[in-house]
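S.K.:
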Amino acid sequence: MDIADFVIGKSSTINSVLDISELAREGALAEGCTCVATEYSASLDGQQRRFAARIQYFPMEQIHKILQEHIRNYGYYHFDPQRNWTAEIKDQMRLQANTAVKVLGSLFQHREGFQTEDEIEKSLCTNHSANGDLLDQLTQWCDELLQSKGEDEYSRFDYFEVGTVADFRRTIEPLISSVPLADSMIGQVELWPLVEKVKWVPESAKCTGHTDVSRIGVHDCRTLAGLIIADLPGSSL
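Quick note on the numbering used here: the sequence shown kicks off at 204 and runs consecutively.
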């Protein structure tokens, strides 16, 4: 079941279908909503507690391309605007430039020169080439952030199990959702831009053959028996 075509209310729909309040983060709860593709399905093999999640990270080659695209989008909007852009295209480019600032703030707020939006924009204005030293530095920093997830960059992941929705939200939030930079704590790192996919799995339903990607599982949820629900990011961050 793919609800990607919904513009708003995707997470609210999932909560209603699963009859679990606040399991999926809803727009009314905070400014930043779902930023990472998230799957809800039956239990993972060996799952013992009510909620389990497997978080799969992008390999470094893909992370390099993602960072490159963000730097390019920022430079394209601010330094190479096109006269033939329609109002719709211009607005889309503005959103992409803003997303670049948000992504860098989430990942590197603990780094000097990236602790405020003004500092981030100054760095991007000074180094807006999509193939320059800034890209190499950011890629190296991302690799350092993920070192604890495993030496093999193609199989880096996190896994956890918790018993309550509150514990689940507290653990998963920095991995799937953005927080406005002005509201986040100085030095707080959010890894959601590096997450390829998250899967939740319910404890009771049986599920096999899906451990190669991230998943969230919910125990004793009959709705998810034989079903996977995908919550995809909205059209903009």
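Backbone N, C-alpha and C fix where the C-beta goes; we use that ideal spot for every residue, glycine too.
On a predicted model such as this, the values are computed, not experimentally measured, just so you know.
Under 8 Å, with one C-beta from each stretch per pair, do the segment 324-340 and the segment 271-288 reach the 3-pair mark?
M.R.: With the cut-off at 8 Å, the segment 324-340 and the segment 271-288 touch.
S.K.: At the level of alpha carbons, what is the spacing between arginine 297 and isoleucine 323?
M.R.: Mapped onto the sequence shown, residue 297 falls at position 94. Mapped onto the sequence shown, residue 323 falls at position 120. Using only the alpha carbons, I get a separation of about 16 Å.
S.K.: Give a yes or no on contact between the segment 351-366 and the segment 248-264, applying the rule of three or more CB pairs nearer than 8 Å.
M.R.: Contact between the segment 351-366 and the segment 248-264 is present, because at least three Cβ pairs lie under 8 Å.
S.K.: With distances taken between CB atoms, is the gap from lysine 402 to serine 215 smaller than 8 Å?
M.R.: The residue labelled residue 402 in the question sits at position 199 within the sequence shown. The residue labelled residue 215 in the question sits at position 12 within the sequence shown. Taking 8 Å as the Cβ cut-off, lysine 402 and serine 215 do not qualify as a contacting pair.
S.K.: Let me know if tyrosine 357 comes out buried or exposed under the rule of 16 or more other beta-carbons within 10 Å of its beta-carbon.
M.R.: Locating residue 357 in the sequence shown gives position 154, where the first residue counts as 1. It counts as exposed.
S.K.: Give the C-beta separation of proline 396 and isoleucine 269 to the nearest angstrom, bearing in mind that I take them to be a contact with Cβ-Cβ under 8 Å.
M.R.: Looking up residue 396 in the sequence shown gives position 193. Looking up residue 269 in the sequence shown gives position 66. Confirmed, Cβ separation roughly 7 Å.
S.K.: Anyone know if the C-beta pair for isoleucine 223 and valine 392 falls short of 8 Å?
M.R.: Position 20 of the sequence shown, counting from 1, holds the residue named residue 223. Position 189 of the sequence shown, counting from 1, holds the residue named residue 392. Not closer than 8 Å, so no.
S.K.: Strictly by DSSP, which residues pair up with glutamate 257?
M.R.: The residue given as residue 257 occupies position 54 in the sequence shown. Glutamate is not the amino acid found at residue 257; the sequence shown has arginine there. For arginine 257, which the question treats as bridged, DSSP gives the partners Tyr362, Lys402.
S.K.: If we cut at 8 Å on Cβ distances, does phenylalanine 363 have a partner in chain C?
M.R.: This model lacks chain C altogether; it includes just one protein chain.
S.K.: Excluding five sequence neighbours on each side, which residues of the same chain lie with their C-beta closer than 7 Å to the C-beta of isoleucine 266?
M.R.: Counting from one through the sequence shown, the residue named residue 266 turns up at place 63. Thr342, Cys345, Leu397, listed in sequence order.
S.K.: Going straight from the alpha carbon of phenylalanine 371 to that of arginine 253, what length do you get?
M.R.: Taking the sequence shown and counting its residues from 1, one reaches residue 371 at position 168. Taking the sequence shown and counting its residues from 1, one reaches residue 253 at position 50. The straight-line gap from Cα to Cα measures roughly 10 Å.
S.K.: Report the option in Met263, Ile375, Ser381 whose CA atom is closest to the CA atom of lysine 305.
M.R.: The residue you call residue 305 lines up with position 102 of the sequence shown. Here the closest residue by C-alpha is Ser381.
S.K.: Hey, out of Arg314, Leu307, Leu327, whose CA is closest to glycine 278's CA?
M.R.: Counted from its first residue, the sequence shown places residue 278 at position 75. Of the candidates Arg314, Leu307, Leu327, the one whose C-alpha sits nearest the C-alpha of glycine 278 is Leu327.
S.K.: Taking the straight line between their C-alpha atoms, what separation do you get for glutamate 242 and isoleucine 217?
M.R.: Position 39 of the sequence shown, counting from 1, holds the residue named residue 242. Position 14 of the sequence shown, counting from 1, holds the residue named residue 217. Using only the alpha carbons, I get a separation of about 10 Å.
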